[in-house]
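Worksheet: one structure, shown below.
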Amino acid sequence: MDQIVDQNSRNIFGMVVRKNTHKDIRRLKKQLGVATIHGNKFWMSTSLLIDYLQVNPPKPQMKILEIGCGWGIGGIYCAKNYQCEVTLLDADATVLPYAQYHADINEVSINTLQLRYEKITKAMLGEYDMVIASDICFWDEMVKPLKLLVDRCYNSGVQRVVMTDPGRQPFRDMAIQCMEKYAAFYENWSAPHPYNTSGLVLDIG
Ligand SMILES: C[S@@+](CC[C@H](N)C(=O)[O-])C[C@H]1O[C@@H](n2cnc3c(N)ncnc32)[C@H](O)[C@@H]1O
């Protein structure tokens with residue numbers, strides 16, 4: 065890994081994550097154009113998600129769906145460390161090659177899927193044990209679809225849903241609605257040095 069972590073890359077919990085200045089990322093951007101719904105980089109809420117999962121890990125080999133994956137580092141971490149079978153889903157097709165690229169350089173196998181989370185059916189969710197996400201509830205209009213998605217997860221036998229957020233109001237509104245209905249852990253969480261980030265964790269199940 066030393067060879068591929070250079071000044072244009074980061075080591076995030078033992079994974080290589082490129083910066084936007086890295087030549088491979090610049091090449092992908094040239095080929096693919098720009099992400100349209102903020103999936104243009106690795107967001108710090110992923111560090112929060114991974115730090116939380118280190119303390120409260122998924123069961124080995126679980127089938128995990130990461131929604132609003134962006135570069136997919138949360139799911140890639142689960143595939144690498146817990147041998148989970150991971151699908152990385154995003155509404156924006158542009159981000160999926162970046163996720164695949166990061167899976168490749170971190171030597172894990174993943175599936176990708178272009179779909180809005182509003183469109184994920186109960187039948188699809190029935191294929192998964194766990195759903196994870198970081199920083200995907202940033203507009204008011206995302207509150208209702210995400211709460212409905214949590215309902216579908218519950219009704220289709222998904223064992224656990226874990227989401228993190230820097231602390232935006234739409235995420236708080238969605239989390240409170242889930243808390244009122246389900247057994248859930250909803251708390252502040254901090255990932256210490258070198259990640260130095262804090263926010264909220266919602267863990268339902
Ligand atoms: C702020 S980025 C976070 C990306 C990644 N989870 C991270 O933490 O680095 C939000 C991501 O959610 C995706 N997204 C937004 N609305 C979505 C929707 N309705 N369905 C699926 N993905 C969505 C965006 O395309 C983007 O990749």
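If you count the sequence shown from 1, position 202 lands on 266 in this note's numbering, and the numbers rise without skipping.
Virtual Cβ for every residue (Gly too), placed ideally from N, Cα, C.
Looking at TYR141: is its Cβ nearer than 8 Å to the Cβ of PRO122?
no
Ligand 1 and TRP253: does the residue's C-beta get closer than 7 Å to at least one heavy atom of that ligand?
Not under cutoff, so the answer is no.
In this structure, how does DSSP classify VAL69 when only helix, strand and coil are distinguished?
coil
Taking the alpha helix (DSSP H) that PHE106 belongs to, which residues open and close that run?
PHE106 -> no alpha helix (DSSP H), and no H or E assigned at all.
Candidates ILE169, GLU182 and THR176, of which the one nearest LEU293 by Cα
Here the chain covers residues 65 to 269 and nothing more, so residue 293 does not appear.
Local conformation of SER173 per DSSP, three classes
coil
Mind checking whether the beta-carbon of TYR192 lies closer than 7 Å to any heavy atom of ligand 1?
no
Validate contact between the region 156 to 175 and the region 215 to 230 using beta carbons, cut 8 Å, 3 pairs:
no
Between the Cα of ALA255 and those of ILE114, PHE202, SER173 and MET188, spot the shortest distance and give me the residue it belongs to.
ILE114
Tell me whether GLY139 sits in a helix, a strand or coil according to DSSP, three-state version.
helix
Using 10 angstroms around the beta-carbon of GLY78, count the other beta-carbons present and answer buried if the total reaches 16, otherwise exposed.
exposed
Euclidean distance between Cα positions of LEU266 and PHE249
6 Å
Counting only the same chain and skipping the five closest in sequence on each side, list residues whose C-beta sits under 7 Å from that of CYS242.
LYS211, VAL214, ALA248, LEU266 and ILE268
For MET188, which three-state DSSP category applies?
Here MET188 sits in helix by DSSP.
Please tell me whether, using a cut-off of 7 Å, the distance from the CB of ILE5 to the nearest non-hydrogen atom of ligand 1 is below it.
Past the edges of the chain, shown from 65 to 269, lies residue 5, and the structure says nothing about it.
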